[in-house]
Amino acid sequence: MPVPMDTSLVDLTRHRRQSIRMENLSGPTSNAFISQRLRMNYVDWGNPDAPPLILQHGGRDHCRSWDWVAEALRHDWHVIAPDLRGHGDSQWSPEGNYAMDAFVYDFAQLVDTLGYDQVTIVGHSLGGNISTRFAGLYPEKVRKLVNIEGLGPVSTNPGPTMEDLHEWIEAKRKSASRTPKRYARPEDAYLRMKSENAFLSDSQARHLTTHGIQRNEDGTYSWKFDNYLNVWGAVDISFAEKTRLWASVTCPVLMLWGNRSFASNPAADGRLDHFKDVKLIEYPDAGHWLHHDQTARFLKDVSAFL
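By full-length UniProt numbering, the letter at position 115 of the sequence shown is numbered 115, and the numbering carries on one by one without gaps.
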């Protein structure tokens with residue numbers, strides 16, 4: 001807001017106070033970086049002089065699902081929330097490459113683009129898996145890590161078999177012919193969102209839907225994420241190599257788990273044992289999106305840890 005040249009000192013002070021209030025009430029700004037020729041989106045919540053905090057969403061989600069968390073933490077942190085490739089407002093991979101190595105590369109490229117020597121990370125589900133692998137590959141770059149149900153399943157499989165590759169090819173072919181779900185109204189997408197997570201309040205579900213859908217040319221609405229994300233990559237490192245990555249993480253790690261989630265408890269199945277410095281907090285009456293299900297408690301626990 002420009003200030004007239006003849007403004008009095010009193011008016012100037014009033015203008016500055018109004019500007020500060022407006023800045024505090026504003027939402028995030030959208031930014032872009034390039035990774036493997038893809039234009040990747042992230043939102044920046046301001047406060048650039050504060051220490052950096054990256055919030056990484058999970059599969060078939062988007063960066064604005066962190067808004068309640070970002071609003072609470074933005075005053076003490078420089079909060080950055082990226083959209084994964086094929087999600088939100090980031091570009092879709094032309095060849096449908098959504099393998100873990102591609103996701104981890106994108107995350108490393110974001111940290112490099114931001115130019116910070118060290119970052120703190122909160123990751124959910126797929127985002128927790130990605131950020132934990134990054135922390136194992138570059139332990140000196142991560143100050144602290146919060147992982148919300150983001151380790152992947154326990155497995156003794158040494159790697160994909162010939163049969164696995166065959167099944168993957170067939171699944172990719174099916175996904176190529178699958179038509180994205182179209183909704184006649186945003187309200188229909190909202191109802192779908194509500195049906196997927198009974199813990200969400202009406203306002204949460206509407207917010208997530210608003211930022212998670214886009215209008216098609218024919219006036220219908222579809223989710224922003226790429227259909228190819230329904231088929232996981234055929235090739236990944238073995239479970240033994242995953243545990244080597246986890247053991248390479250040197251920063252303090254806070255693991256969070258909802259006891260009504262489909263994901264298994266990492267303490268009960270032994271995955272927690274592979275970390276050097278880790279603490280687990282269990283959330284009763286919370287599902288996989290526990291940062292939505294019990295936001296107040298989540299913010300209290302995370303703020304204390306950070």
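Ideal placement from N, C-alpha and C gives every residue a C-beta, glycine not left out. Model, not experiment: these values are computed from the prediction.
Practice item. Please confirm if the segment 271-291 is in contact with the segment 143-160, defined as three or more CB-CB distances below 8 Å between the two stretches. Key: yes
Exercise for review: Out of S30, R60, A184, P51, point me to the one whose CA is closest to W289's CA.
Suggested key: The count along the sequence shown starts at 1 and reaches residue 289 at position 289. That would be R60, whose Cα lies nearest to the Cα of W289.
Check your understanding: In this structure, does DSSP put E71 in helix, strand or coil?
Key -> Position 71 of the sequence shown holds residue 71. The answer is helix: DSSP assigns E71 an H, G or I state.
Review point. Quick one: what's got a C-beta closer than 6 Å to V302's C-beta in the same chain, skipping five residues either side?
Key: As a first step, residue 302 is located in the sequence shown; it is residue number 302 there, counting from the start. So the list reads V146, once near-sequence residues are dropped.
Practice item. Could you have a look at V43 and say whether DSSP puts it in helix, strand or coil? Key: As a first step, residue 43 must be located in the sequence shown, where it is residue number 43. Three-state result, V43: strand.
Point to revise | Any 3 or more C-beta pairs closer than 8 Å across the segment 97-110 and the segment 120-131 | key: yes
Exercise for review: Closer than 8 Å by C-beta to L53: which residues in its own chain qualify, once you throw out the five before and the five after it? Chain order, please.
Suggested key: Position 53 of the sequence shown holds residue 53. Same-chain partners within the cutoff: L73, W77, H78, V79, I80, V119, T120, I121, V122, L306.
Check your understanding: Looking at the C-beta of M40, does it have a partner C-beta in chain B at a distance below 8 Å?
Key -> The structure shown contains no chain B, having only a single protein chain.
Check your understanding: If we call anything under 8 Å between Cβ atoms a contact, is Y221 one with G86?
Key -> Along the sequence shown, read from residue 1 onward, the residue named residue 221 stands at position 221. Along the sequence shown, read from residue 1 onward, the residue named residue 86 stands at position 86. In this structure, G86 does not lie closer than 8 Å to Y221 by Cβ.
Practice item. Please name the residue in D188, P82, A135, E71 whose C-alpha comes closest to that of K276. Key: Working through the sequence shown from its first residue, we reach residue 276 at position 276. Of the candidates D188, P82, A135, E71, the one whose C-alpha sits nearest the C-alpha of K276 is A135.
Exercise for review: Work out the CA separation of A176 and S131 for me, nearest whole Å.
Suggested key: For the purposes of this step, residue 131 is taken as residue 131 along the sequence shown, with counting starting at 1. For the purposes of this step, residue 176 is taken as residue 176 along the sequence shown, with counting starting at 1. Their backbone Cα atoms lie some 29 Å apart in a straight line.
Exercise for review: Could you check how far apart the C-beta atoms of M100 and G233 are, in whole angstroms? I think they sit under 8 Å.
Suggested key: Numbered from its first residue, the sequence shown carries residue 100 at position 100. Numbered from its first residue, the sequence shown carries residue 233 at position 233. Indeed they touch by this definition, with Cβ atoms about 6 Å apart.
Review point. In chain order, what residues of the same chain lie with their CB nearer than 6 Å to the CB of G96, ignoring the 5 residues before and after it?
Key: Locating residue 96 in the sequence shown gives position 96, counting from the first residue. If we look at G96 and ignore the five residues flanking it on each side, its Cβ neighbours are Y228.
**Study point:** When A70, H207, K174 are compared against Y190, the one with the closest alpha-carbon
**Key:** By one-based count along the sequence shown, residue 190 stands at place 190. Considering only alpha carbons, the answer is H207.
Point to revise | Assigned exposure category for P82 - 16 Cβ within 10 Å defines buried | key: For the purposes of this step, residue 82 is identified with residue 82 of the sequence shown, where counting begins at 1. That one is buried.
Review point. Since L137 and L245 are thought to touch, with beta carbons under 8 Å apart, how far apart are those beta carbons, to the nearest angstrom?
Key: Along the sequence shown, read from residue 1 onward, the residue named residue 137 stands at position 137. Along the sequence shown, read from residue 1 onward, the residue named residue 245 stands at position 245. Right, the Cβ-Cβ distance comes to about 7 Å (below 8 Å), so this counts as a contact.
**Study point:** CB contact flag (G127, G150, <8 Å)
**Key:** On the sequence shown, position 127 is the one that residue 127 refers to. On the sequence shown, position 150 is the one that residue 150 refers to. For G127 and G150, yes; Cβs fall inside 8 Å.
Point to revise | Integer-rounded CB distance, given that I281 should sit under 8 Å from L256 | key: Indexing the sequence shown from 1 puts residue 256 at position 256. Indexing the sequence shown from 1 puts residue 281 at position 281. Their Cβ separation, rounded to whole angstroms, is 5 Å, which keeps L256 and I281 in contact under 8 Å.
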